[in-house]
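Residue numbers (this note's numbering), protein chains in the order written: chain P, 57 to 469; chain D, 57 to 469; chain A, 3 to 426; chain Z, 3 to 426.
Beta carbons: idealized from backbone N, C-alpha and C, even for Gly.
All values derive from a computational prediction rather than experimental measurement.
Below: one structure, written as structure tokens.
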Amino acid sequence: MIGNLEGLFLMPEKGIDEETQGVVTLVRRWADKEVIGDRLEYRRNYPSRFDEKRKTLFLAMGLQRLAVPEEHGGFGWHTPGRMRHVLRVLTEIGRADCSTGVLLAMNCALFTVVTRFCDGRNGLTDSLASSYLEDEMKTASCILTGPGHAGRETPLFKGRSILARAAAAGESATVSGEDLRPLAAGLAADRFLIVCADSDGSPCLALVPVDAPGIARSERVKAAGLDALANADISLDAVTIPKDHLILDQDAVSYLSACLNLMLGGVSLGAGLNFFEIVSDWSDSRVIKGGTVLKENPLCASVLADTAEEIACAGFLLHDLAGIMPLTDHPGPSGMEAVYTYSAMIGAKAQQGIMRAINRGLELMGSAGYAREWHAEKHWRDVKTIQSIMCGTGAEAPVKMDIARFFYNCSEI
Amino acid sequence: MIGNLEGLFLMPEKGIDEETQGVVTLVRRWADKEVIGDRLEYRRNYPSRFDEKRKTLFLAMGLQRLAVPEEHGGFGWHTPGRMRHVLRVLTEIGRADCSTGVLLAMNCALFTVVTRFCDGRNGLTDSLASSYLEDEMKTASCILTGPGHAGRETPLFKGRSILARAAAAGESATVSGEDLRPLAAGLAADRFLIVCADSDGSPCLALVPVDAPGIARSERVKAAGLDALANADISLDAVTIPKDHLILDQDAVSYLSACLNLMLGGVSLGAGLNFFEIVSDWSDSRVIKGGTVLKENPLCASVLADTAEEIACAGFLLHDLAGIMPLTDHPGPSGMEAVYTYSAMIGAKAQQGIMRAINRGLELMGSAGYAREWHAEKHWRDVKTIQSIMCGTGAEAPVKMDIARFFYNCSEI
Amino acid sequence: MNGFDDFSRPMEYISPLDRHFRSVLRRYIEQEVMPFRRQYDEDWKDHAIIEPAFDKLMGELGLQKALFPPEHGGWGITRSDYIFRFAYMLCEELGRADTGMAVALAVTFWPLLVILVEPFVNERLIAEFAPMFCNTKKAVFAANAMTEPQGGSDIENMGLLRGRTIRTTARLEGDQWVINGHKLWPTNSGGAASLFGVPCTTRPGSDDLNDFAFIYVPAGAEGVTQGGPYEKAGMAADKNGDIFFDHVRVPAWYRAHGPGSDAEAFYQLIPFGQVASSAFLTGAMMNMYERLNEFVSSRTYRNRPLKENDAVAAIIGRIAGDIDICRILGHEAAMMGDRRNKPYGLPLTSEELVGKIRNIKDFISDRAVENFGKAMDVLGLYGPDRDWDIEKHWRDIKIIQLWMGGKQLCQMESARYFFNCETV
Amino acid sequence: MNGFDDFSRPMEYISPLDRHFRSVLRRYIEQEVMPFRRQYDEDWKDHAIIEPAFDKLMGELGLQKALFPPEHGGWGITRSDYIFRFAYMLCEELGRADTGMAVALAVTFWPLLVILVEPFVNERLIAEFAPMFCNTKKAVFAANAMTEPQGGSDIENMGLLRGRTIRTTARLEGDQWVINGHKLWPTNSGGAASLFGVPCTTRPGSDDLNDFAFIYVPAGAEGVTQGGPYEKAGMAADKNGDIFFDHVRVPAWYRAHGPGSDAEAFYQLIPFGQVASSAFLTGAMMNMYERLNEFVSSRTYRNRPLKENDAVAAIIGRIAGDIDICRILGHEAAMMGDRRNKPYGLPLTSEELVGKIRNIKDFISDRAVENFGKAMDVLGLYGPDRDWDIEKHWRDIKIIQLWMGGKQLCQMESARYFFNCETV
């Protein structure tokens, strides 16, 4: 974030340590120099040219290893206490490009969950970590729950259908599922992290390499946003994985969801902040009513204020969420349940707030709002895409059910 | 707050110290025992019977001295770092009764501002403090800016009209103004804290005892809420006060506004939490559609979730605001400007959020929502009243102008 | 814009009665209600100030006669093709002054509609009850005793529950119905009404609509006990209380129509109630506009009238714009009702009509709640002040949002229609 | 509800042409547009797939002739008393498939309305331009070259700015106008249009409406240069680009009407444009309903169809309810326009009519932006997926909210009317 932004968008947290500040500063420079300062070049063939910028970030700067434990050669930002720092970094990346942020968020979520729930099985962490140390871009693609199909019963995770099945047998396990829709990057990933139902119908996680036999992919999905990421539906026909690639703990699914809500919130927050910069420039230079600078017209100023307010509040709430992540260390289900619920609630609210910020700001930009040239519309499409995929299905209804379950002890919804 | 509420409505802050916790617990007991557990008795003649409960709180428990400096015999909760504790206490009081909370908030705001801006003039703090140590209820009534009258120019504070005038002359000063509307308690207060324009038209604050000659009051204003507080319009005809009762610093006006936004936010938050308790009880015991417990119906559950969500997020944001209050200690106007803007923004947003929480919850309560007997409608009227009076005038427009000024450097709005 | 009368109405819909009668009515209201309404809140129990106003409007001007046929001394409105539009006009004008008063009048019509609107006309009962309303200059009230302690608004959820949850029973003994049960909260209870329409069941627990009965019970009948009025957040002119029916006996022919028809005729009340609610709300909002306009024209921000600040103008412009929209929609809802006898119209009991009208009422309620809240904020410090009248409407209109099954029932009925839901 | 056709329309307003023509039009659209629209995004520059569809609709079916009088080979719609309602129907049906295509057609009408609608009829220009549109089976486009680089939507803010900020100049030299200026972003620019209507000033800086001129310029005239189409977030069927007029000469009688009348006739375009925008939006929303209904009926939460979950039902019920409301309001706006020759109607240039119609368009735009966003969320993972068509409309309709001065200008014009503001 540029210095000015930090003076405007306050954060509730105490200062961050020097190492973290160093990383944040590096990423900020990457965003400003490689992407934001250089955007007009990207007008044609945007997605492919972007690949190279992402390599700088992931490999040269090493961010691919952000959530790899220190003992495995990474930055070690995989603990609950580190979440607020991860949030900061993802925000910086989101300012430049949401697609890149989404990729890193999925990678970070992978390590955060695996290191926590595979304590006794360092083999998995070891092999994963060493693959992320290679000089090659790695990308995890998450497949969460989704809508079921009318007439077909499925196991559920908090009301949502689990569309993949996992079964352990001896030292290996098999994973199956038809037409699963990853959050993103289904065609670009090198491994999938899939929410499955085990043989009892309980939620669990399976880590599946993309080159395992039995995996089929649909054609590339054309999507509203995140242009740089190629997605597709995935079908798994009894794909075999090592048994330790299966995490048989329902809390792991909750934790994955909480991490993604936080991290993708950070990505969208970054896009929102950059949108703020764009609309600031615009409103400072355009004239309306035949002479008034746009920002000096009270109505336009109030729209601008909405944009700033939504982003500032989303930032506060996401940092508050990061601040309560350590509650997951509390024993018993209440810590995890609370964090899961708050992450769903704040995740949805922050995404909606940022979306509203952009929607309102666009109102002032007229055709510059929807011309590709200004890049405002890119943030608009990207954030909406992130927001929609994090909904799962049914708009805010499933999240509201989560909230009601936690706050009112509902049991049948 | 009852234990359960604390497990549900998380706060971003780290734990609070034992002394603070002790005060919070005492107030919570007062609220539960004296007011909430005993509400049906209050159905008739509510306002007058309440007086006595308030005496317990203000005098027996000593909360009237909450923001009186320690060296003057008070609790010493008048510093920016203490604001989060003041917020907690006011929330506990708001759970029981907004009127009481509003009174204490105005008292706390008085001491917070006076101790900060009258450093060199201990006389004022001394005399004020000693009066608050007496065994008699003290009440400050704040008169802020308001709407001007078409055709009459007034000095402005951030666009809002300053309707009172102050002029220093020798060792005394005079204060004048017609039909000024206090936030609350114009008939009950023993002193007014009034935003005035000095002889240059700059904003300043004047502290005026209610028994000074030259003060006239209108009849009691009938209001939507805060029934227990009698308000009236105040006119001052060249009322003389000691010169040190005048605080000639524009920042004092900003700070007063910031404190009131935070503190009255806490009062409304408390009302929201108690409303949550009421609607929880209701939805747990009522049956709809001929058999479903209300909270188990997905639509009702989603309305309930809205209520919980709005309150939880308002709580987070208010605590975030409390957390940045120490920025006012930073030299230069940017710390105070930032805090002023954030307090206006979060103050308005939190009030609106809590109002929405109650409005939504009422949807489920049918006639029990508007029957006085259930007390839900009291919180609804009280919070709306607090929200409206904190608007000043023009709904959110003046706050949006504050935000735009800060975030976009607007200068003409 | 010259004034609140300039909010849009679909001009082609205006009934022939509208222009003349509206101005007479408005004169009455401005003389008998407007000057006193700020004192109504304290008069909630005694109606010492409120009752004379009712006498003027309902008795002297004669509104309580409007539905009855001329041969019984009434105005014959139910025989016109504009009964919904007439009701809309009436409720809007009254709502502008006081929605509590408006509902007390409209609900007097409510149980009578069950026997007065084609195809459900019961001449014998009309002849029986007409004198009570038509031969007096004092206000006479009727009430629909629907809600029961446990069921909430279940009775209004006929589409889904089909009367299954009604606990008030009617048993035929010889040529009399014997009625037992406990109702609460109906408008005009708490001692106001002279006549109750009572939805009850002839076979508890049945969801066969043939077991639903709508029976008239004079308030003075033996075994009818009423509690005093409840104290509520607003709407002091509308009394609500408990009603107990303890072996109350009425003649067998006091049942509206008979098995099956009772349910259908009763279900007709839903669109009437929703259209009237919409009219109360637009009326109240028109009054809000009057007061708001005064405030934003005379008070300032940055030393210029509030309305000349673009940001404030956008807020109040949206409020006025919503009023315009709500009034168009309210009239459309009324017209949906009045189209029932046209070749392209729908019966009052059709799922489409009920779903669409509930949707409009839900929408207008939301806009009203939102915009009154916003208007109070525009007045800021003066928003909660009763002298500006807006806070009074703010308290009252929330009640309108909540009654008749409230927001959620509207949402479900409209979802059921638009998406052919079967279980919601 | 059987389908999207069951959303409400005020039945009394339906034009005689509606039933038959709508079904013909819909058949064309379902054959020529619907099956191909998912490929339009990539065709934004070349129009290789898009152009044949235009030829079918505008040329073969003949929509581009609709406004012209029969004696010139047209359909004479501007002589009917239902031109707004006809336009509404057309724009709604097209908008259901593709609002970009809808606007390209509607804007072809736009500059022609200036000379075709009573009381502003210019027979000589009609005779001049009719053959261009009526004697061909290929699509022919016109455009309104309004927006200028600095002014944004100032030109549409005629009420306040009165043409003061226009920089495109027209100077009379003998019997020719010489036009100089730079316009950008009009629909059907970027090389599509054959004819431009050009608002310009005969005296730069003047706010005297007599100095406003509306002059027709054939795209092929010497000195007209067009840039290629811009790449945008959506609406690929609508090309937008820069137009430069460098000493372009046209006959003196290519000016629409003359001093004063030009401004008035031009100002009529605002209500037309706002009503058409409303129709695009309701059409798009009706299509959204179709797709949404499919999704919520076939996909599940808790193993039951989404629509059978009360919480989801409330969300989608609100969406459908809003569509119903918007369609009623859109038709009311159209009717406001068509009432202009009735005794109780208003001229198209009246502040009341413009304020009320802008208000409705602003409202419908907001509902569309809100509800498409919400519908995408209902689809969740599948929301951003082009195969479900909703994201396409979501991108397109945001553009409709932003054009013609966008939301804020609507708000100001409506505030100005409702509160008699003088400076906003």
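- Taking Ala-241 of chain D as the centre and dropping the five residues before and after it, the same chain places the C-beta of Val-158, Leu-159, Met-162, Thr-195, Ser-197, Leu-285, Ala-286 and Asn-287 closer than 8 Å to its C-beta, in chain order.
- Residues of chain D with a Cβ closer than 9 Å to the Cβ of Pro-231 of chain A do not exist, since the nearest Cβ in that chain sits about 11 Å away.
- Within the same chain, Ile-399, Lys-400 and Gln-403 come within 8 Å of Val-371 of chain A by CB-CB distance, once the 5 residues on both sides are set aside.
- By the C-beta criterion, the stretch 248 to 255 of chain A is judged not to be in contact with the stretch 432 to 439 of chain D, since fewer than 3 inter-stretch pairs fall below 8 Å.
- With a threshold of 16 other beta carbon atoms within 10 Å, Glu-209 of chain P falls short and is exposed.
- In terms of CA proximity to Gly-132 of chain P, P:Ala-185 leads the group P:Val-91, P:Asp-153, P:Asp-88 and P:Ala-185.
- With a cutoff of 8 Å on beta-carbon distance, Asp-312 of chain Z and Asn-330 of chain D are scored as not near each other.
- Burial is judged here by how many other beta carbons sit within 10 angstroms of a residue's own beta carbon; Thr-227 of chain Z has fewer than 16 and is exposed.
- Residues Val-426 of the same chain have their beta carbon placed closer than 7 Å to that of Met-414 of chain A, with the five preceding and five following residues left out of the count.
- What Thr-302 of chain Z touches in chain P, judged by beta-carbon distance under 7 Å, is Pro-203, Gly-204, His-205, Ala-206 and Ser-217, going in chain order.
- The count of Cβ pairs closer than 8 Å, one atom from the stretch 299 to 308 of chain Z and one from the stretch 190 to 205 of chain Z, stays below three, leaving the stretches out of contact.
- The C-beta of Pro-387 of chain P comes no closer than 8 Å to any C-beta of chain D.
- Taking 9 Å as the cut-off between beta carbons, the residues of the stretch 219 to 249 of chain Z near chain P are Tyr-232, Glu-233, Lys-234, Ala-235, Gly-236, Met-237 and Asn-242, in sequence order.
- With fewer than 16 other Cβ atoms inside 10 Å of its own Cβ, Thr-112 of chain D counts as exposed.
- His-333 of chain A places its beta carbon less than 8 Å from that of Pro-12 of chain A.
- Burial state of Glu-150 of chain A is buried, judged by a 10 Å Cβ sphere holding 16 or more other Cβ atoms.
- Ranked by Cα distance from Asp-45 of chain A, the first of A:Asp-8, A:Arg-169 and A:Pro-231 is A:Pro-231.
- Nearest to Arg-416 of chain P by C-alpha distance, out of P:His-301, P:Phe-332 and P:Thr-171, is P:Phe-332.
- DSSP, read as helix, strand or coil, puts Pro-265 of chain P in strand.
- With respect to Leu-373 of chain D, Cys-369 of chain P sits close: the two C-beta atoms are nearer than 8 Å.
- Counting along the chain, Gly-233 of chain D sits inside the beta strand (DSSP E) bounded by residues 228 to 236.
- Scanning its chain for C-beta atoms nearer than 8 Å, with the 5 sequence neighbours on each side dropped, one finds around Phe-122 of chain A the residues Val-116, Ala-258, His-259, Ser-263, Glu-266, Ala-267 and Gln-270, in chain order.
- Take Pro-386 of chain A, set aside five residues on each side of it, and the residues of its chain with a beta-carbon closer than 8 Å to its own are Met-378 and Glu-393, in chain order.
- When C-beta distances to chain P are compared with 8 Å, the residues of the stretch 391 to 411 of chain Z below that value are Glu-393, Trp-396, Arg-397, Lys-400, Ile-401, Gln-403, Leu-404, Trp-405, Gly-408, Lys-409 and Gln-410, in chain order.
- Along the stretch 437 to 463 of chain D, the positions whose C-beta sits under 8 Å from a C-beta of chain A are Arg-437, Lys-440, Thr-441, Gln-443, Ser-444, Ile-445, Cys-447, Gly-448, Thr-449, Gly-450, Ala-451, Glu-452, Ala-453, Pro-454, Lys-456 and Met-457, read in chain order.
- Taken through DSSP and simplified to helix, strand or coil, Ala-288 of chain P comes out as coil.
- In terms of Cβ geometry, Ile-181 of chain Z and Leu-96 of chain Z do not form a close pair [threshold 8 Å].
- When the alpha-carbon of Val-439 of chain P is set against those of P:Thr-449, P:Met-139, P:Ala-424 and P:Gly-403, the nearest one is in P:Gly-403.
- By the 16-neighbour rule on beta-carbons within 10 angstroms, Lys-139 of chain Z is exposed.
- Contact check between the stretch 281 to 290 of chain A and the stretch 179 to 194 of chain A: fewer than three CB pairs, one atom from each, fall below 8 Å, which does not count as touching.
- For Ala-144 of chain Z, the number of other beta carbons within 10 angstroms of its own is at least 16, and it is reported as buried.
- For Lys-185 of chain A, the uninterrupted beta strand (DSSP E) run begins and ends at 178 to 186, by DSSP.
- Gly-285 of chain Z does not reach chain P, its nearest Cβ partner there being about 19 Å away, counting only Cβ pairs nearer than 9 Å.
- From the listed residues Z:His-395, Z:Arg-24, Z:Asp-389 and Z:Tyr-384, the smallest Cα separation to Gly-448 of chain P is found for Z:Tyr-384.
- Taking a contact as a CB-CB distance under 8 Å, the pair Val-343 of chain P and Val-335 of chain P does not count as one, their CB atoms being some 15 Å apart.
- Per DSSP, Phe-247 of chain A is one residue of the beta strand (DSSP E) stretching across 244 to 253.
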